[in-house]
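Accompanying notes for the structure given below.
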Amino acid sequence: SIGFSILGCAITWKLVPALKGSFTKAGLVGKDVNKINKPVIPESMGVVCATVYLVCLFLFIPFPFMEWFTGKDENSRIGGFHFPTFPHHKLGEFLSALLSLQSMTFLGLSDDLFDIRWRYKLMLPTIASIPLLMVYYVNFGETHIMMPIPLRFLFGRIVDLGFLYYVYMSMMAVFCTNSINILSGINGVEIGQSLIIACSIAINDLMFLNGADPAVEAHLFSLYFILPFIGVSLGLIIHNWYPSKVFVGDTYCYFAGMTFAVVGILAHFSKTMLLFFLPQIFNFIYSVPQLFKLIKCPRHRMPRFNPKTQKLEYSRVKIKKPLNLPALLCLKIFSIVGVVKVTDLSASDTKGIKKTGSDNEVGNGQQRRNNIHDNNNDSVGNALDKEDDENDENTDYIEVNNFTILNLLLLKFGPMHEKKLTILVMATQILASFLAFIIRYRLVHLLYEVI
């Protein structure tokens, strides 16, 4: 596995620049809006990384079963006779994991090509996780969970979740894939956070390889998938690090998230896996008011580039008064914990000012609406624009920062260079991994008897 990891790293490193021209000719390009000259560079290069990874795992398939092929498996020989004890359940797990990863890579590329809406993006990992759930049902079918000690007086020691356990595993696949995708938008941040999570998983796996632990086989299975992932990601981040020469696209985010979901589900440490996702969990909870439309949510919420200072600033969104009760409640809670900056804009502040959106992408969207208005191609668009202009002159607004961890870091630490922000996110991820290990191995006795 280590050998294929090194091979995957080298191939990805060489293949990405070689295919840049092909992606550009195919129109798979994006504009890096966080640079002064806004260069156009190849996008969706995560598909190259994912393809190399899958090829490495295809070639690796025979190696976990080499003892059986050579007849050295102790369970295959009894009294001098050879019995066909091939571990079909292990092969089934391996192939189902590959099928889910291959499906997620295809669906991720489809998103890059067709810009699938968020409501449909939630369905993609659910579909791709079906092979995993089927194999889990056939091989294990275990749906019992041990309750934490403080809750046992209510539910007992063991609870059978039944069908809900499969819903939980499916939702884990949805969360892992989309949480990587939500925490993105600057050079190197998608691969950076994924690499730190993967290295944390690998360290956790190595802690169980002592020969006596019954979980050795499960953590070996995890390493078979995580080590090549680390290799190909290292090969790609060389080209995606600031200043990025390529964009990884949604393909890499979905591929990385599904890799984590695969090892978490089939290696049976989904709770530990979620501990390594603490920043992503915080980012999701922080984003809930915008994701569920309690607060206005622009198409993209990435930080805003200031060409004068050449630094990133937190992006903002303008909300019309009066706010509804759920929005007011969210802003009140966020204000108490200090994760939002609210600015009052009176009607006089906004009169005569053209709407430019809360960030670059919103501005582009508004520009598209202005083009529709100028060309008289959409009467509904004209009516909406006129109504918006009238509201701008007579309505009060408030302005708040977009609810993402990237914008929060810029709000707390001030404007900073894009590279510095990426490093800060990765440092946060490393600190979260340290906290995860402390919770898993030092504080777990507060909740469970067995570590």
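When the letters of the sequence shown are read in order and numbered with this note's numbering, they come out as residues 7 to 457. Beta carbons are placed, not taken as given, at the ideal position from N, Cα and C, and that holds for glycine. Everything numeric in this text was worked out from a predicted model, so none of it was measured.
Residue i, buried or exposed, once every other Cβ within 10 Å from all chains shown has been counted against 16
i: D454; result: Per the sequence presented here, residue 454 reads as Tyr, with Asp not at that position. It counts as exposed.
i: A267; result: buried
i: R310; result: buried
i: H472; result: No information on residue 472 is available, as it lies outside the stretch 7 to 457 that the chain covers here.
i: R448; result: exposed
i: T91; result: exposed
i: A262; result: buried
i: N330; result: exposed
i: A32; result: exposed
i: V141; result: buried
i: Q2; result: Outside the shown range of the chain (7 to 457) lies residue 2, about which nothing can therefore be said.
i: P156; result: exposed
i: P68; result: exposed
i: F146; result: exposed
i: G358; result: With a pLDDT of 43 at G358, under the threshold of 50, the predicted position of this residue should be treated as unreliable, though the coordinate-derived value follows. Burial call: exposed.
i: K20; result: exposed
i: A24; result: exposed
i: F440; result: exposed
i: Y143; result: exposed
i: H94; result: exposed
i: I209; result: exposed
i: E424; result: buried
i: N43; result: exposed
i: G420; result: exposed
i: I243; result: buried
i: P332; result: exposed
i: M72; result: exposed
i: V22; result: buried
i: I202; result: buried
i: M51; result: buried
Bridge-paired residues (DSSP) for residue i
i: I151; result: V165
i: V406; result: V323 and V348
i: L37; result: Rather than Leu, the amino acid found at residue 37 in this sequence is Lys. DSSP, once it has assigned bridges, lists V46 as partnering K37.
i: F311; result: L318
i: M422; result: L318
Whole-number beta carbon distance between residue j and residue i, since they are thought to touch under 8 angstroms
i: R307; j: T410; result: 5 angstroms
i: D256; j: S228; result: Actually they do not touch by this definition, with Cβ atoms about 25 angstroms apart.
i: C55; j: Y258; result: 6 angstroms
i: K127; j: N184; result: 7 angstroms
i: A179; j: S135; result: 4 angstroms
i: M153; j: F161; result: 5 angstroms
i: V348; j: I404; result: 6 angstroms
i: I342; j: F282; result: At roughly 28 angstroms, the Cβ-Cβ gap does not stay under 8 angstroms, so I342 and F282 are not in contact.
i: K327; j: T434; result: Going by Cβ atoms, the distance from K327 to T434 rounds to 34 angstroms, so no, they are not a contact pair.
i: G194; j: N246; result: 5 angstroms
i: L293; j: I188; result: Here residue 293 is Ser; the residue named in the question, Leu, does not match the sequence. Their Cβ separation, rounded to whole angstroms, is 6 angstroms, which keeps S293 and I188 in contact under 8 angstroms.
i: V35; j: E49; result: 6 angstroms
i: L139; j: S176; result: 6 angstroms
i: A442; j: L284; result: 6 angstroms
i: E148; j: L272; result: About 12 angstroms separates the two Cβ atoms, so there is no contact after all.
i: P249; j: K26; result: Incorrect: roughly 14 angstroms between the Cβ atoms, too far for contact.
i: L416; j: L318; result: 6 angstroms
i: Q296; j: N408; result: 7 angstroms
i: G241; j: A16; result: 7 angstroms
i: L105; j: P137; result: 4 angstroms
i: R278; j: L107; result: Correcting the residue type first, residue 278 is Thr in the shown sequence and not Arg. Not a contact, Cβ separation roughly 20 angstroms.
i: K302; j: I325; result: 5 angstroms
i: L113; j: Y260; result: 6 angstroms
i: Y59; j: V238; result: 5 angstroms
Any non-hydrogen atom of the ligand FAD closer than 6 angstroms to residue i Cβ
i: G27; result: Summarising the ligand content, the structure contains no ligands, and the ligand FAD is consequently not present.
C-beta neighbour in chain C for residue i, strict 7 angstroms
i: Y447; result: No chain C is present in this structure, which holds just one protein chain.
Q. In chain order, which continuous runs of the alpha helix (DSSP H) of length 4 or greater are located wholly inside the segment 88-154?
A. 94-120, 124-127, 129-134 and 136-145
Q. Does the segment 237-254 come close enough to the segment 36-56 to have 3 or more Cβ pairs within less than 8 angstroms?
A. yes
Q) Is the segment 190-198 close to the segment 409-429, with three or more CB pairs under 8 angstroms? A) yes
Q.
When you compare the segment 8-16 with the segment 224-241, are there three or more beta-carbon pairs, one atom per stretch, that lie closer than 8 angstroms?
A. yes
(Q) Please give the ranges of any alpha helix (DSSP H) in the segment 158-222, keeping only runs that are unbroken, at least 4 residues long and fully inside the region. (A) 158-161, 169-188 and 195-212
**Q.** In chain order, each alpha helix (DSSP H) run of at least 4 residues that lies wholly inside the segment 236-317
**A.** 255-272, 276-281 and 284-297
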